[in-house]
Amino acid sequence: MKARTNLIIVLVGALLLAFVPFVASDVMMQFAINALILAVLAQSWNIIGGFTGYVSFGNSVFYGLGIYGTAIAMAQFHLPFGVGLVLGLVLAQICALVIGVPILRLRGPYFAIATLGLSAAMGALIANIDIAGSNIGLILPLVRADPMFYWLALVLLLACTLTVVWISHSRFGAGLVAIREDEDAAATMGVNTTLYKVIALMLSAAFTSVAGGIYAYWISFIDPASSFDPTLNVRMVIMAVFGGPGTVLGPLVGSFILSAVYEVLSSWISTAAALLFGIVIVLAVIFTPRGIADVIVGMRKSGLRYLTQNIRENRL
Amino acid sequence: MLLIQILANGVLLGGLYGLMALGMALVWGVLNVVNLAHGALIMLGGYVVYYLFTGFGIDPFLALPIAAVVMFVIGYLLQRFILNLIVRSAMLNTLLITFGLNVVITYLAQLLFSADFRTINPSYAGTNYNVFGITVPLVSLAAFVIAFALAGAVWFVLNRLSLGRAIRATAQNLTAARLYGVDPRGIYAVTFGIGAALAGVSGGLFGVLTHLTPYVGAALTAKSFVIAIIGGLSNPFNVILGGIVVGIAEQLASLYLGPTYIDVISFGLLVVILIVRPARSLRAA
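Shown next as structure tokens:
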């Protein structure tokens, strides 16, 4: 898609979404804020996972650092929210830089597993630090201002998506895609792969950590288990991949659809919601292995045959 | 003395860890699928043994072969009718579908078995031996012996039977194996079935040594991951050794740093090993 088309869709969408707090009920607002934060996570994962091809299962490290940066600043030092966000952002950037340089040398599944290990280790480490509230967690000052959190999350999502629009049409983004397609060839063609990969990871970490900060202040009680939740990693990957990784709109569509599906399922049959969510994931991978974005193109070309084509291509 | 006791505990526990990872390493090496539902299969095997013991009064150690057969059938069907459909697609998709299966199995287990803690508790569960002043629990020792015996069995199947040759051939070159008359669909399903059976046995032992809930799967998947990486995918005994390394590291960490550091150590170890020896090939030879 042309840069201008994407830009128009994104800006119009953001403008429409900005009016939601005036019409939505309290319950709807809870859902909407959650969905926006998850969309930020999916979109920032898209930078490192979708464009660069490095499947990170460790983005919850940055999310957790954003949460804890904000929480420590506000609960322990009584600093304002903005300072907390910056602290979380700085922590996540340092972490992405220090960890990124050695870990981005790993490729394929090894990178995925190392990042998964990191997120587990980081959660356990935070649970042993006193200033971070150890195992018990921290309580932030309580505010009831859902519209404010909604607009903050929306602005963050817009900033993240505009960054992705820029990436998808810039020299930098072309470098990332070259790394995804063939890293050795990219290096031969003069792409500074280490620099590009680390910058991609730091960009991804930046948006993820600010999302964590907003979440921390909104939810106002945090603990290591929920902040460094390993299933969150997998959820952001699924949302981005379900929508179409490496595209601008795919992760947004994927995360909104899956958030809605989960919400409907859990209000409809609360006990079996997670079960059905799992079934949705399995069916989605079988029938639409390249994401919703590809389904739209494929269905236009070959109709319902598209679904069986996918299976025929990937089955043994 | 305390140190030696801790080391002994680590070795005994590590044998079981190795057995948990063995099924995952086998599936990974042959199918190139990192099975995120592996821990859920371990959990399921544990419940099979639990219900055979509490429902039918079958001794847990006699129930292990039954659990292995049940889990083999489940694993075979999962691979034959679900995973075979996407096995040639990108690695990411196999990760996602096995994660989806993990969610499905976990919440099915919650619906069927309830979320209560379950322990498989035979009359001899508290029996200990005293060897040179070191306490050796009977069930831990039995788990350790079974882990080694099964590693030997896997080695025998892979290296001495024609089924094993077919499995190794499929792992090395799918097309060539097909040309020589191997049916890869069947081989993939059998391999996944063996992996699930090994998971089932380790789950039964896990249930005897600790306790089961429907949610133990994720942590066990992660642990199996770490061990499969440390041990490599080519030799079953190396996987058991990898399990022992992790078992000892965990026990030492809980002695010197406190039990809350166990996860920091085992995952820290994983990251360090990956970074220090990144070029190492994991595919089975």
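Chains as they are written, first to last, in the working numbering: chain A, 1 to 316; chain B, 1001 to 1285. All C-beta atoms, glycine included, are put in the ideal place defined by N, C-alpha and C.
B:V1131 - containing beta strand (DSSP E), residue span: N1128 to V1131
Spatial neighbours of B:A1279 in its chain, beta-carbon cut-off 7 Å, leaving aside the 5 residues before and after: Model confidence at B:A1279 stands at a pLDDT of 47, short of 50, so the residue's coordinates are unreliable and nothing is read from them.
Less than 8 Å between CB atoms is the rule here; does B:A1008 satisfy it with respect to chain D? This model lacks chain D altogether, as its protein chains are A and B.
Taking only beta-carbon atoms, is B:A1021 less than 8 Å away from chain A? no
Three-state class that DSSP yields for A:L140 in the structure shown: coil
Which first and last residues belong to the beta strand (DSSP E) in which B:P1137 is found? I1134 to P1137
With contact counted as at least three CB pairs below 8 Å, one residue from each stretch, are the stretch 1046-1059 of chain B and the stretch 265-281 of chain A in contact? no
Could you tell me if B:A1166 is buried or exposed, where buried requires 16 or more neighbouring beta carbons within 10 angstroms of its beta carbon? buried
Among A:S267, A:S44, A:T194 and A:S204, which residue has its Cα nearest to the Cα of A:I103? A:T194
Three CB pairs or more closer than 8 Å across the stretch 1067-1083 of chain B and the stretch 1034-1048 of chain B: yes
Check distances from the C-beta atoms of the stretch 1215-1240 of chain B to those of chain A and list, in chain order, the residues that come in under 8 Å. A1218, A1222, F1225, V1226 and I1229
Using only alpha-carbon positions, find the residue among A:V61, A:F77, A:N135 and A:F242 that is nearest to A:I222. A:N135
Measuring only the C-alpha atoms, how far is A:A39 from A:F256? 7 Å
The stretch 282-299 of chain A / the stretch 68-77 of chain A touching (three or more Cβ pairs under 8 Å): no
8 Å CB neighbourhood of A:V248 in its chain, flanking five on each side removed: M1, N6, V10, T161, V164, V165 and S168
May I ask you to report which of helix, strand or coil DSSP gives B:I1004? helix
Closer than 9 Å by beta-carbon distance: list the chain A residues that pair up with B:T1260, in chain order. A124, A127, N128, S134 and N135
Which residue from B:A1125, B:L1026, B:G1057 and B:I1240 puts its Cα closest to that of B:G1193? B:L1026
Nearest-angstrom Cα separation, counted from A:G213 out to A:L15: 23 Å
My parser needs the alpha helix (DSSP H) runs of 4 or more residues fully inside the stretch 1184-1261 of chain B; what are they? 1184-1209, 1217-1231 and 1236-1256
In the structure shown, what three-state DSSP assignment does A:I269 receive? coil
Relative to the C-alpha of A:G117, which candidate in A:N233, A:A240 and A:S267 has its C-alpha closest? A:N233
If we ignore side chains and look at the alpha-carbon of each, how far apart do B:L1112 and B:T1135 end up? 37 Å
Note the first and the last residue of the continuous alpha helix (DSSP H) segment covering A:Q76. Element bounds for A:Q76: n/a, residue is neither H nor E.
Please classify A:F228: does DSSP put it in a helix, a strand, or coil? coil
Buried or exposed by the 16-neighbour rule on C-beta atoms within 10 Å, applied to A:Y196: buried
A:G84 versus A:G133 - alpha carbon distance: 16 Å
B:L1096 to A:T231 span [Cα, whole Å]: 12 Å
Along the stretch 89-110 of chain A, where does the CB come closer than 9 Å to a CB of chain B? Name the residues. I99, P102, I103, R105, L106, R107, G108, P109 and Y110
Taking the straight line between their C-alpha atoms, what separation do you get for A:A187 and A:I179? 8 Å
B:G1181 at chain A interface by Cβ criterion, 8 Å: no
So, at 8 Å on beta carbons, what are the nonlocal neighbours of B:F1267 in its own chain, with the 5 sequence-adjacent residues on each side left out? A1222 and V1226
Chain B beta carbons: is any one of them nearer than 8 Å to that of A:V234? yes
Measure the C-alpha to C-alpha separation of A:V261 and A:M28 and round it to an integer number of angstroms. 14 Å
For B:F1259, count neighbouring C-beta atoms within 10 Å of its own C-beta (all shown protein chains included) and say buried if the count is 16 or more, exposed if not. Position check: residue 1259 of chain B holds Pro in this sequence, whereas Phe was assumed. Classification of B:P1259: exposed, given that the 10 Å Cβ count is below 16.
Cβ neighbour criterion (16 or more within 10 Å) applied to B:I1074: buried
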